[in-house]
Amino acid sequence: MTFADTEIAPPEPPRYVMFWRRYKRNRAALLGLVLFVLVVLMALTAGIIDPGDPLRRAGEPLTPPFMNWDTPLGTDQLGRDVLSGVFYGARISLLIGVVATLVAIVIGVVIGALAGYFGGWVDDVLMRITEAFQTIPNFVLLLTLVAIMGSKIEWITLAIGIVSWTAPARMVRAEFMSLRNREFVDAARNLGVSNTSIIFREILPNALPPIVVYASVIMALSILMESALAFLALGDPNYASWGNMIGQGRAVLRSAPYCAVIPGIAIILTVLSFSLLGEGLNDALNPRQKK
Amino acid sequence: MTQTPPPVLDLCKLEISLPKGADRPYALEGLDLTINAGEIVCLVGESGSGKSLCAGAIMGLLPEPHVRVTGGAIRFMGEELRGKSDAEMRKLRGADISMIFQEPMTALNPQKTVGWQIDEVLRLHTKMTKAERKARALEMLERVHIPEPSSAYNAYPHQISGGQRQRVMIAMSLVLSPKLIIADEPTTALDVTTQLQILKLIRELQEEEGAGVLFITHDFGVVAEIADKVAVLCRGELVESGTTDAVLNRPQHPYTRALIGAVPALTPPPVKAASDAPVVLQGTGLKKTFAARGGLLSGKRKAVTAVKDLTFELRQGETLGVVGESGSGKTTVSRIVTRLLECDHGSVELDGTDLLAATPKELRALRQHIQMVFQDPMASLNPRKRVVDLIAQGPIVHGADPKKAREDAKRLLELVELSPAAANRFPHEFSGGQRQRIGIARALAMEPKVIVADEPVSALDVSVQAQVLKLLADLRDRLNLSLLFVTHDLRVAAQLCDRIIVMQKGEIVESGLTAEVFANPQHPYTQNLLSSIPGRDWTPPSLHTDAA
Chain A
705 MTFADTEIAP PEPPRYVMFW RRYKRNRAAL LGLVLFVLVV LMALTAGIID PGDPLRRAGE
765 PLTPPFMNWD TPLGTDQLGR DVLSGVFYGA RISLLIGVVA TLVAIVIGVV IGALAGYFGG
825 WVDDVLMRIT EAFQTIPNFV LLLTLVAIMG SKIEWITLAI GIVSWTAPAR MVRAEFMSLR
885 NREFVDAARN LGVSNTSIIF REILPNALPP IVVYASVIMA LSILMESALA FLALGDPNYA
945 SWGNMIGQGR AVLRSAPYCA VIPGIAIILT VLSFSLLGEG LNDALNPRQK K
Chain B
162 MTQTPPPVLD LCKLEISLPK GADRPYALEG LDLTINAGEI VCLVGESGSG KSLCAGAIMG
222 LLPEPHVRVT GGAIRFMGEE LRGKSDAEMR KLRGADISMI FQEPMTALNP QKTVGWQIDE
282 VLRLHTKMTK AERKARALEM LERVHIPEPS SAYNAYPHQI SGGQRQRVMI AMSLVLSPKL
342 IIADEPTTAL DVTTQLQILK LIRELQEEEG AGVLFITHDF GVVAEIADKV AVLCRGELVE
402 SGTTDAVLNR PQHPYTRALI GAVPALTPPP VKAASDAPVV LQGTGLKKTF AARGGLLSGK
462 RKAVTAVKDL TFELRQGETL GVVGESGSGK TTVSRIVTRL LECDHGSVEL DGTDLLAATP
522 KELRALRQHI QMVFQDPMAS LNPRKRVVDL IAQGPIVHGA DPKKAREDAK RLLELVELSP
582 AAANRFPHEF SGGQRQRIGI ARALAMEPKV IVADEPVSAL DVSVQAQVLK LLADLRDRLN
642 LSLLFVTHDL RVAAQLCDRI IVMQKGEIVE SGLTAEVFAN PQHPYTQNLL SSIPGRDWTP
702 PSLHTDAA
């Protein structure tokens, strides 16, 4: 009988295999994944389904769905094809979701990481700035920014990112505050690793899982915010976005409800897919939280 | 035929199953154990041996349905406990069977006063009036020797010391005079001097009450101190049981022999010839206070002095032990000399260069020469990095060729007796001792002159601890390293250190050659520390085992 401590256990399967195993345990998350893939497919195939401008006149105005197979989901009051609007809208919504989330997460991570890692007056200054942003209601700030910058799609995306960074910043700060006292950070300092390297290469990868999960929430919120802007006729009129379609469909809500309902369903399913996706990611990335 | 009373607790072929995917199908297999009234039975085993689950099974507190009792019998006073309803078990728990937990801070409710919590036990299980309950609670607090029971009655758990909290836990568990007390590592979180007092207290109260005690521990010193009978668990199997004397001094089973052989003896290493090796690390007049940051309106709180006026020197190839209880400032010392913590006063000279006065750039270069091995092998390795990158990180930061550094890392793994196949794994795939080996390899990768080890073995099981200590001593001699070894465990210090300094409240109270300090302690604090080592009168028999 030997008690040598040096025999190592058999290797675990690679990380992505473990990740997928944990992820697929959650049925709802699988549904979220399927919906997400559908939205992505819609965005990718928009040009194949309907080559040409989705904002052109495609048929008789206000054709109800399933009446004319050139425009299977009907047309709006200007004769634009609802189906191709929904497909092209997926592009805009995803684009805004991804870019705005990236903007929010990058700002949030930098500010949260600096505040959490250094503490002291750095933390005080950065957190007061964060609080200043938090005291203004998100949407009011967004309206102000769009009013100042104009409603070009780039500015809208940037503005959505700017109003969404506070929550991730606070989360990253909390993660950093607990991680910076861990011994592995001291170990890295003791090896002479620089502060920048410690922040981004030692601590950040460990703080990432909750941020990734939260990113899915921001993505859903960004899409909703863009739709809300478009509904208030502050969206970029040069693109077929779901919000624009609902905003214009509002005028004919009683006579042709499908003009607003169909893009509405698209928004609901997309947002739902993101939040289910986030839940599945949470299960897969933070397995200990649940047990 | 005379009627002998049934034993307090009789476990018969107890079997607890683990969920699928665990390292073994059963946490406990066929455990037989008998505890008579007035007896203390120690259940000894390393982490993962199933000893705590045994306690859970008796109390009916297993995390069912994943882990549950699948066979055998649990008889309490001759009565079968398996199959009892929740309500019946609730009545038994606290009243007839009580439990003392390891960590009194988490076992007590921080929101309620000590008195309220003792009162609750009485309120739930007895029909006493309020005044009677209070009198009884105060009486119990007195019996566990808490100074000023009436003020402790109104105190919140955070307002009293760790030792006193454990006394309160004991008072709570004994207030109803239970017939069986289960103590799950009750002294592991305490300092040695407090530990001895608590052990004495448990013994004293148990004799007064005539209760049976199931005492769960991993520490053979504690066993020698308190047990009447001993049962040794190895991966869920009872490998040996018998009287304390028989098991400790004449162990039969190879596992028990290996465990006992791994307990460090209290005999210090032979004195090396008066060392005239050059001094590599010298601390002079070190002082550190922690200023507590006040709130906006509350003003400044009182500053705490962690280290005051500390002076020491460490010679080449020597091991200097820094010994003390929690709060003595020994960990602060290890952080100051590696400059992980800025010091208020004093200097630390490494080969003649003052580390504390170095500019950030100089400091980064100096760090090569002084490396650290940390306490918690779980926390000190970045969980998202592969072992090879962890070890090679230091040299790469200091300008080594990454490819060569990784090659060297694999060689270092062999040096700490791990297979080079470990290089591409992540830290969580290793056991505690293996991780500590990786930590040592990381420190060695920088080819340092001095290694500061902060409680490097206190998180490890005793058999693993012995192996890691042996490795450290080995490497020290082979590579002519100097070691600053911080520990609370005097047994470990006796094994490894040539000289020790004993710290109390941030000050050195005694220093000298380990052998001399152990044989003839001068300061009352050192004397107290040494006489509190559990099982100090028991010298582990020298056994020939086939284990390393």
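Line by line, the protein sequences are chains A and B.
Take 705 as the starting number for the first sequence in our numbering and just add one per residue.
Take 162 as the starting number for the second sequence in our numbering and just add one per residue.
The C-beta atom is built at its ideal place from N, Cα and C for all residues, glycine as well.
Bear in mind that the values here come from a model prediction, so they are computed numbers and not experimental data.
Counting only residues of its own chain and dropping the five nearest sequence neighbours on each side, A:L759 has a CB closer than 7 angstroms to the CB of R784, A944.
Per DSSP, B:K469 lies in no alpha helix (DSSP H) segment; the continuous beta strand (DSSP E) that holds it begins and ends at 465 to 476. Secondary structure of B:L516 (DSSP, three-state): coil. For B:M664, there is no enclosing alpha helix (DSSP H); the enclosing beta strand (DSSP E) has its first and last residue at 660 to 665. Around the C-beta of B:P166, fewer than 16 other C-beta atoms lie within 10 Å, and the residue is accordingly described as exposed.
For B:L399 against B:D193, the beta-carbon gap comes to about 7 angstroms, under 8 angstroms, which counts as contact. The residue among B:L644, B:A313, B:D345 with its C-alpha nearest the C-alpha of B:Q477 is B:L644. Between the alpha carbons of B:P702 and B:A344 lies a gap of roughly 27 angstroms.
It is roughly 18 angstroms from the alpha-carbon of B:C203 to the alpha-carbon of B:G422.
Under the three-pair Cβ rule at 8 angstroms, the stretch 736 to 750 of chain A counts as touching the stretch 795 to 802 of chain A.
Taking the CA atoms as reference points, B:K631 sits about 48 angstroms from B:Y314.
For the stretch 888 to 901 of chain A, the residues whose beta carbon sits under 9 angstroms from a beta carbon of chain B are, in order, F888, V889, D890, A891, A892, R893, N894, L895, G896, V897, S898, S901.
With a cutoff of 8 angstroms on beta-carbon distance, B:L579 and A:I712 are scored as near each other. Cβ contact annotation for A:R729 (same chain, cutoff 8 angstroms, sequence separation greater than five): D987, in chain order. Annotation: B:Q272 has no Cβ neighbours in chain A at a cutoff of 7 angstroms; minimum Cβ distance is about 23 angstroms. For B:Q532, the secondary structure class from DSSP, reduced to helix, strand or coil, is strand. Proximity of A:I712 to chain B, defined by a Cβ-Cβ separation below 8 angstroms, is satisfied. The criterion of a C-beta distance shorter than 8 angstroms is not satisfied by B:G324 and B:G211. The alpha-carbon of B:L502 is positioned some 17 angstroms away from that of A:M881. Listed in chain order, the non-local C-beta contacts of A:V803 below 6 angstroms within the same chain comprise T861, local neighbours out to five positions each way being set aside. Here B:D659 is buried: its Cβ has 16 or more other Cβ atoms, across all protein chains shown, within 10 Å.
The straight-line gap separating the alpha-carbon atoms of B:T349 and B:G206 is approximately 14 angstroms. Using a Cβ-Cβ cut-off of 8 angstroms, B:M533 counts as an interface residue toward chain A, since at least one Cβ of chain A sits closer than that to its own. When secondary structure is reduced to three states using DSSP, B:M260 falls in the strand class. Assigned with DSSP and collapsed to three states, B:I343 falls in strand. For A:G896, there is no enclosing alpha helix (DSSP H), as DSSP gives it neither H nor E. The beta carbon of B:V548 sits closer than 6 angstroms to the beta carbons of A583, A584, R586, I599 from its chain, once the five residues preceding and following it are set aside; these are given in chain order.
Between the stretch 387 to 394 of chain B and the stretch 403 to 414 of chain B, the count of C-beta pairs closer than 8 angstroms reaches three or more; the two stretches touch.
Taking 9 angstroms as the upper bound on Cβ-Cβ separation, chain A lies near residues V577, E578, L579, S580, A582 of the stretch 571 to 582 of chain B. For A:N730, no Cβ of chain B is located within less than 8 angstroms of the residue's own Cβ. In this structure, B:I219 lies near B:I258, with their beta-carbon atoms less than 8 angstroms apart. In terms of Cβ geometry, B:V629 and B:G667 do not form a close pair [threshold 8 angstroms].
Taking a contact as a CB-CB distance under 8 angstroms, the pair A:L818 and A:L830 counts as one, their CB atoms being some 6 angstroms apart.
Counting only Cβ-Cβ distances below 7 angstroms, A:R886 has contacts in chain B at A540, in chain order. For the stretch 372 to 435 of chain B, the continuous beta strand (DSSP E) assignments of 3+ residues that do not extend past its boundaries occur at 373 to 378, 390 to 395, 398 to 404, in sequence order.
Against chain A, a Cβ distance below 8 angstroms from B:E590 picks out I712, A713, P715, E716.
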